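**Student:** Just so you know, the sequences run in chain order L and C. Positions 0 to 130 (numbering that gives the first Met the number 0) are the ones given, in order, by the first sequence. Positions 0 to 130 (numbering that gives the first Met the number 0) are the ones given, in order, by the second sequence. In this text, a Cβ means the ideal position worked out from N, Cα and C, and glycines have one as well. Quantities reported herein were computed from a predicted structural model and do not represent experimental measurements.
2 protein chains.
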Amino acid sequence: MESVFEIIAEPNRRAILSLLVFSQQSVGEIERQLRIPQPTVSKHLRVLREAGFVESSVDAQRRLYRLKPKRLQEVDAWLAQFRRFWSAHVDALERHLDRMDRPTSTQRKTSRRRRRPNRERDEGETRWRSN
Amino acid sequence: MESVFEIIAEPNRRAILSLLVFSQQSVGEIERQLRIPQPTVSKHLRVLREAGFVESSVDAQRRLYRLKPKRLQEVDAWLAQFRRFWSAHVDALERHLDRMDRPTSTQRKTSRRRRRPNRERDEGETRWRSN
DNA sequence: CTAGAATATACGTGTCAAGGCATACAAAGC
DNA sequence: GCTTTGTATGCCTTGACACGTATATTCTAG
């Protein structure tokens, strides 16, 4: 469980991180807000701390945990490689919509655009180059 | 294994996604580039497809897989809540550096700034408000 | 010094998913 | 038809890891 992604795969850990975005919190506060048993909270905090997502300060018997940005930025960095793709994809979608027949008024007469082979949706496969 | 984060927690799956950013690929091509046994590749592709990360087209006996942006954008959306925090944190760091003694030339004489209680590094806790 | 509050850790258990291997399925080419 | 190529699936084992419960640790207060 070293990788950033395995760490944030756990829903409770993500919840904890989301909590800490606002301000530092003690274990008990986290426990109460998220309704998670205390040992579970402590274990997740340990994982998060050892992974460098959070750090803690001692305040009497309390421990205050707060966010550290570095590791989450790693996720952001990994995601970066796909951003180019997104914009390209959005452009393609727009071009596609532009090519589509609009069911609005002032409809063109016979200008049927060339149909794409066949478009079956979601989870389906698209037959492509079967020539 | 429904959540976006569990899906991308698997290193091979992340590798596959990174590959597909450039262009669509057949199972065999992925297998050869990543040096992963073919059944493993197929299983991961199945997971990715059912989760909506990729889609496939049939090309003769090949299947060409390509990226779909939506799910990865969900990760980006989750990450968004932390971006505010990052900039705030960077600002704080800058202010901190400004307050620090610079070990450069034209050094002040005895102006030792107040030491923070004790600062033990990495994984350590910071003693805070123990008064 | 004792009681209690806040947090951490240990241990046992169940679940789930990844990987290896064999095999099934499908289309192509001869 | 049969063989080859490309891909999917089934079964089994193994290893993480999350959780619950109990207990240890540490600090405070009185």
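According to DSSP, what are the bridge partners of Q24 (chain L)?
**Tutor:** According to DSSP, Q24 (chain L) bridges with L:Y64.
**Student:** At least one CB of chain C closer than 8 Å to the CB of P36 (chain L): is that the case?
**Tutor:** It does not: the Cβ of P36 (chain L) has no partner Cβ on chain C nearer than 8 Å.
**Student:** Check whether the region 29 to 36 of chain L touches the region 74 to 90 of chain L, taking contact to mean three or more Cβ pairs, one atom from each stretch, closer than 8 Å.
**Tutor:** No, because fewer than three Cβ pairs between the region 29 to 36 of chain L and the region 74 to 90 of chain L fall closer than 8 Å, the two stretches do not touch.
**Student:** Taking only beta-carbon positions, decide if A8 (chain L) is within less than 8 Å of chain C.
**Tutor:** At least one chain C Cβ lies under 8 Å of A8 (chain L).
**Student:** What is the DSSP secondary structure of E54 (chain L), counted as helix, strand or coil?
**Tutor:** Here E54 (chain L) sits in strand by DSSP.
**Student:** Just to confirm my understanding: we take D97 (chain C), look at its own chain, exclude 5 residues before and 5 after, and list those with CB closer than 8 Å. What are they?
**Tutor:** Counting only Cβ-Cβ distances below 8 Å, and skipping sequence neighbours, we find nothing.
**Student:** Rank C:D58, C:A91, C:L92 and C:K67 by C-alpha distance to the C-alpha of S86 (chain L) and give the top, closest one.
**Tutor:** Among C:D58, C:A91, C:L92 and C:K67, the Cα nearest to that of S86 (chain L) is on C:K67.
**Student:** Name the residues in the region 17 to 37 of chain L whose C-beta lies less than 8 Å from a C-beta of chain C; which are they?
**Tutor:** Under the 8 Å Cβ criterion, the region 17 to 37 of chain L contributes S17 and V20.
**Student:** When you compare the region 4 to 14 of chain L with the region 3 to 11 of chain C, are there three or more beta-carbon pairs, one atom per stretch, that lie closer than 8 Å?
**Tutor:** These segments touch.
**Student:** Cβ of A91 (chain C) versus every heavy atom of the ligand FMN: is any distance shorter than 7 Å?
**Tutor:** Ligands displayed in this structure: none; no statement on the ligand FMN is therefore possible.
**Student:** By the 10 Å Cβ neighbour count, where 16 or more other Cβ atoms means buried, how is R94 (chain L) classified, buried or exposed?
**Tutor:** By the 10 Å Cβ count, R94 (chain L) comes out exposed.
**Student:** Keeping to the same chain, check which residues put their C-beta closer than 7 Å to that of I29 (chain L); ignore five residues upstream and five downstream.
**Tutor:** If we look at I29 (chain L) and ignore the five residues flanking it on each side, its Cβ neighbours are I15, L18 and V40.
**Student:** Is there a C-beta anywhere in chain L that falls below 8 Å from the one on V74 (chain C)?
**Tutor:** Yes, its Cβ sits closer than 8 Å to a Cβ of chain L.
**Student:** Can you tell me which of the three DSSP states E1 (chain C) falls into?
**Tutor:** E1 (chain C) falls in the coil class under three-state DSSP.
**Student:** The alpha helix (DSSP H) with I15 (chain C) in it runs from where to where?
**Tutor:** First-last of the alpha helix (DSSP H) with I15 (chain C): P10 to L19.
**Student:** Answer yes or no: does any C-beta atom of chain L fall closer than 8 Å to that of H88 (chain C)?
**Tutor:** For H88 (chain C), the answer is yes, since a Cβ of chain L falls inside 8 Å of its Cβ.
**Student:** Would E54 (chain C) be called buried (16 or more neighbouring beta carbons within 10 Å of its own) or exposed?
**Tutor:** The residue is buried, with at least 16 neighbouring Cβ atoms inside 10 Å.
**Student:** Could you compute how far the alpha carbon of V46 (chain C) sits from the alpha carbon of V26 (chain L)?
**Tutor:** The alpha-carbon atoms of V46 (chain C) and V26 (chain L) are separated by roughly 36 Å.
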